[in-house]
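Single-structure report; data block below.
There are 2 protein chains.
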Amino acid sequence: MQLSRRAEAIQESPIRKLAPLATAARARGMKIYNLNIGQPDVPTPPEFLQAVAGFTDPVLAYGPSDGLPELRQAMSEYFRRYAIEIEPREILITTGGSEAILFAFNAVADEGQEIIIPEPFYTNYNGYAEMANLKVIPVRTRAEDGFHLPPDGALEKAVTPRTRAMLICSPNNPTGTVLSWDEMERLAAFARRHDLFLIADEVYKEFTYDGARHRSVLELPGLEERVIVVDSISKRFSACGARVGAVISRNRSLMAAILKFGQARLCPPTLEQLGAIAAYRLPETYFDSVREEYQRRRDVMFDGLTKDPGIVLRKPAGAFYMIVKMAGVADSDDFARFLLEDFNLDGETVMVAPAGGFYATPGAGTDEVRMAYVLEAAKIERAMEVFLAGLARYRARS
Amino acid sequence: MQLSRRAEAIQESPIRKLAPLATAARARGMKIYNLNIGQPDVPTPPEFLQAVAGFTDPVLAYGPSDGLPELRQAMSEYFRRYAIEIEPREILITTGGSEAILFAFNAVADEGQEIIIPEPFYTNYNGYAEMANLKVIPVRTRAEDGFHLPPDGALEKAVTPRTRAMLICSPNNPTGTVLSWDEMERLAAFARRHDLFLIADEVYKEFTYDGARHRSVLELPGLEERVIVVDSISKRFSACGARVGAVISRNRSLMAAILKFGQARLCPPTLEQLGAIAAYRLPETYFDSVREEYQRRRDVMFDGLTKDPGIVLRKPAGAFYMIVKMAGVADSDDFARFLLEDFNLDGETVMVAPAGGFYATPGAGTDEVRMAYVLEAAKIERAMEVFLAGLARYRARS
């Protein structure tokens, strides 16, 4: 039986594909530091699970297609902390940030149309572009520039008559880069100049360091009709398994269209929304210790990696990832496999995500890996020693 | 800002669009019997919520993209009750039956290709066809035939070089029709003849009456590579708000492709899967009282409606819906509005779903409404009196 072209074309998860090798290494008694996946170890707030357990209706019925009103209200109040006025009707609750991306793609573009995305980018955007039959047009960013936006000329070159939107992610997965306000204003002008939507994945909003505050595209004046925010509680409240996200826009006809997509899938999960309501009602100080902890981890990882003069890395200001460019590595898939199969330091090794999968341009990122700092600082310190030893061994072998 | 063509094209829910009129009627003090939406009143099994509340991990982490292994195992054992051998790896857990449909559509067909569906059909298939850029080709079924399949000639006429699959739903929403084994064998031959996938929505599997047993397309011999089942716990365990479904197939390359779509959205909701595991472990007898209750309701609704000689209705054998064809109604949208706005019997009225939205053929179903028997029998009995009085009044007015 012939499957669809898109079923053949869609990429296997580059983050998950090394899993069998890790399983085999563990079976040989190896200790692995898992830096390959963005699963935080921060506890989910107990208030979340208490709220879920508090559900006592006799029937777990369909909820509203746009989400529970109390959750939309709680999110509206959460945005007010950042001096961002968003009404509950400008928020539609989705099944994870993933569905928010799918809805945004479907609402702004038809088959064959194009979305510009700075690369490297979160690999699952590809999957949703395939499902929506859209073409991703990458704009290259580089380790040497800290993965900040290239000059306007590079953006202009990516535009065609089929371009419908630009998608950014800040704080960024996989680079950790936080766009400056200047960069956001450049993007606003770019969107206006070419009549594009500006879709922003802001799921790492709270994760910014060194006292920097993330500024949302929702703060760009005069861009209300163009801006769509993709949001999620997965990282914000360490509730990745909950699958509660949101799509947010002040463009009313866009939100009306997205509600129709929402009706087609009936509603997002009810119980996990109850947990999300409780989480959004936590005091703002909840994030202080989380932020402090991640900043410490970032510093340990950065200091460890930059001991190697062959590594290109600008200190990222947010999220909990880094893209690490390495001299002496031409095929980071091979290098990541080497770490799991042919290397150990006193019985320990490191699992990283080869960065090629985060690029749309063939051959890009093959000298890079992504690391997530989702382990406690002491473990990261040791993991960096193991990683650098592995890198040295790999270079010596080549 | 121009939205996408599909955002404009996607249909508003015909089931939910009368909601504002119902709200207004209630505000006037009217009592409304809600027969318009398939929200069962059967309690969710307490075991479901107990299992959810039993979650004590510190972190609500990402689960596997294909679902929790224990749930896939529990579903495999559930199928064994029906003498259907399905391995856990032939089951992928989805976020509701909705996502199962989306994944199945995406896996078998590309933009512009066609899926044949007997109409009237579950309206949300349209939404997913829009999102997947597929064309729905309806094959008409009729009240006079109890909405059973038309002769082979009608099926043949629907086939084009772009046809990739046929989608059936049995027991059916919105008609309540249960396909016979003969019909299923005809479909199997049809799928073979034209090299099509056969997608079957079997979410109402347990809801069959008069001692009839639903037979799954998974039981069709020699059709293993073509058959895809779309499943859900929403109706089975009265857990519509949980959003736990599944896509099931013995076609290994199809399941591998669907896993890639699954990876793009990371995982289905974890807590609700824990509830589903507990529900699937309930003894088979759990369904006996549920089935008995729905059969009683169906009989009360059928007996009530067939008192009117101008109603065409064959007694449906499953699910909890009926499509009611009425002489003297030319525009059932107008009739449903009339019931909410201009009619009452001693302060009571009935809310039904106009059937036009369940048809892809323009103008079809305008003399029909869908009713769901999701109220207790005594209320349905009274609701039928109110409905028939409303119908008589509407006819007299025309």
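Protein sequence lines, in the order shown, are assigned to chains A and B.
With the numbering used here applied, the first sequence closes on residue 398, and no number is skipped along the way.
With the numbering used here applied, the second sequence closes on residue 1398, and no number is skipped along the way.
For every residue, glycine included, the Cβ atom is placed at its ideal position computed from N, Cα and C.
Compare the beta carbon distance of residue i and residue j with 8 Å and say whether it is the shorter of the two.
i, j, result
"V247 of chain A", "T95 of chain A", "no"
"I137 of chain A", "I115 of chain A", "yes"
"S4 of chain A", "A1360 of chain B", "no"
"G318 of chain A", "V139 of chain A", "no"
"A242 of chain A", "G275 of chain A", "yes"
"E1341 of chain B", "K1031 of chain B", "no"
"L71 of chain A", "I277 of chain A", "yes"
"L1220 of chain B", "Y1062 of chain B", "no"
"G97 of chain A", "V227 of chain A", "no"
"E1119 of chain B", "V1312 of chain B", "no"
"P1040 of chain B", "V1374 of chain B", "yes"
"R1193 of chain B", "L1149 of chain B", "no"
"R1297 of chain B", "I1380 of chain B", "yes"
"I199 of chain A", "V230 of chain A", "yes"
"N124 of chain A", "M1131 of chain B", "no"
"V324 of chain A", "M371 of chain A", "yes"
"F121 of chain A", "F358 of chain A", "yes"
"F1190 of chain B", "L1223 of chain B", "no"
"L1018 of chain B", "R1337 of chain B", "yes"
"L1271 of chain B", "V1059 of chain B", "no"
"E284 of chain A", "R236 of chain A", "no"
Let me confirm a value: residue i is counted as buried when at least 16 other C-beta atoms fall within 10 Å, else exposed. Which label applies?
i, result
"Q113 of chain A", "buried"
"Q1273 of chain B", "buried"
"Q1295 of chain B", "buried"
"M1 of chain A", "exposed"
"G390 of chain A", "buried"
"K943 of chain B", "This structure gives no information on residue 943 of chain B, because the portion of chain B shown stretches from 1001 to 1398."
"Q1263 of chain B", "buried"
"R397 of chain A", "exposed"
"P64 of chain A", "buried"
"E376 of chain A", "exposed"
"A1165 of chain B", "buried"
"G1127 of chain B", "buried"
"R1215 of chain B", "buried"
"S1289 of chain B", "exposed"
"A25 of chain A", "buried"
"G1029 of chain B", "exposed"
"D1152 of chain B", "exposed"
"T175 of chain A", "buried"
What does DSSP give as the partner residue(s) for residue i in the beta ladder?
i, result
"E981 of chain B", "Past the boundaries of the shown model lies residue 981 of chain B; chain B is included only from 1001 to 1398, so the question cannot be answered."
"E1119 of chain B", "B:R1140"
"D1201 of chain B", "B:C1169, B:V1230"
"I101 of chain A", "In the DSSP output, where bridge partners are listed per residue, I101 of chain A has none listed."
"T175 of chain A", "BP columns for T175 of chain A are empty, so no partner."
"L92 of chain A", "A:V247"
At 4 residues or longer, what runs of the alpha helix (DSSP H) sit wholly inside the stretch 1302-1385 of chain B? 1332-1341
At which residue ranges does the stretch 209-291 of chain A contain complete alpha helix (DSSP H) runs of 4 or more residues, listed in the order of the chain? 252-264, 270-280
Relative to chain B, which residues along the stretch 246-264 of chain A have a C-beta separation below 8 Å, given in chain order? N251, S253, L254, A257, I258, K260, F261, Q263, A264
Could you name the residues of the stretch 1-14 of chain A whose beta carbon sits closer than 9 Å to any beta carbon of chain B, in the order they occur along the chain? M1, Q2, L3, S4, R5, R6, A7, E8, I10, Q11, E12, S13
What are the residues of the stretch 232-246 of chain A that lie near chain B, defined by any Cβ-Cβ distance shorter than 9 Å? S234, F237, S238, A239, C240, G241, A242, R243, V244
Closer than 8 Å between beta carbons: that is the criterion. Which residues of the stretch 159-176 of chain A meet it against chain B? R164
Quick one: which unbroken beta strand (DSSP E) runs of 3-plus residues sit fully inside the stretch 17-88 of chain A? Chain order, please. 31-34
Quick one, which residues of the stretch 1093-1111 of chain B are near chain A if we go by CB-CB under 8 Å, in chain order? T1095, G1096, S1098, E1099, L1102, N1106, A1107, V1108, A1109, D1110, E1111
Please identify, using Cβ separations under 9 Å, the residues of the stretch 21-45 of chain A that lie next to chain B, in order along the chain. I37, G38, Q39, P40, D41, V42, P43, T44
Contact residues within the stretch 1120-1131 of chain B, judged by C-beta distance below 7 Å to chain A: N1124, G1127, Y1128, M1131
Which of the residues in the stretch 1376-1396 of chain B, read from start to end, lie with their CB under 8 Å from any CB of chain A? none
To be precise: take each residue of the stretch 1191-1213 of chain B, compare its Cβ to all Cβ atoms of chain A, and keep it if any distance is under 8 Å. Which residues remain? D1195, F1197
Taking a Cβ distance cut-off of 7 Å, strictly less, list which residues of the stretch 358-375 of chain A are near chain B, in chain order. none
Residues in the stretch 52-75 of chain A having any Cβ partner in chain B nearer than 7 Å: V52, A53, F55, P58, V59, L60, A61, Y62, G63
Can you pull out the residues from the stretch 278-305 of chain A whose beta carbon lies closer than 9 Å to at least one beta carbon of chain B? none
If the cut-off is 9 Å on Cβ atoms, which residues from the stretch 1129-1148 of chain B count as contacting chain A, listed in chain order? E1130, M1131, A1132, N1133
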